[in-house]
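To keep things clear, I will list the structure first and then write my remarks on it.
Numbering (the numbering used here), first residue to last: 7 to 144.
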């Protein structure tokens, strides 16, 4: 049985006729509805955050790996050109901290504050980081 939720019968019929339902339903069956929603919202938040900082990030590098690409910024405390990162790099760093700190609350610190300047994350970057944490820990 399909558990994919629609806003109404009209949207459901349109989606079924467009051919997208089977792919989406297969994904939901494979990973579960909660994880599917977490992935979709994390991807949307990431795209918005990356688009917000695309001009600033053009010459910046990730604070973790040193490479460019789809960077986002979540703090205002770092100097211009600093404080950028890939969400994948932040997630890897957070996993390292969690493995080191175990059940202590400090293991979640990488998801809330900038490693470079210590400022709390803000704005669209904060939302992207929160959605990524939800995706990882869902």
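No residue lacks a Cβ here, since even glycine has one placed at the ideal position from N, Cα and C.
Within a Cβ cutoff of 6 Å, which residues of the same chain sit near residue i, ignoring the five residues on either side of it in sequence?
i: residue 84; result: 122, 123
i: residue 139; result: 117
i: residue 133; result: 51
i: residue 21; result: 27
If you draw a straight line from the C-alpha of residue i to the C-alpha of residue j, how long is it?
i: residue 130; j: residue 92; result: 14 Å
i: residue 36; j: residue 120; result: 34 Å
i: residue 33; j: residue 87; result: 38 Å
i: residue 26; j: residue 12; result: 13 Å
i: residue 105; j: residue 80; result: 24 Å
i: residue 38; j: residue 143; result: 14 Å
Give a yes or no on whether the minimum CB-CB distance between residue i and chain D is below 8 Å.
i: residue 31; result: Among the chains in the structure shown there is no chain D, since it carries only a single protein chain.
Just mark residue i as buried or exposed, buried being the case when its beta carbon has 16 or more other beta carbons within 10 Å.
i: residue 141; result: buried
i: residue 42; result: buried
i: residue 60; result: exposed
Problem - Meets three-Cβ-pair contact criterion under 8 Å: the stretch 46 to 61 and the stretch 72 to 83 - result: A contact exists between the stretch 46 to 61 and the stretch 72 to 83.
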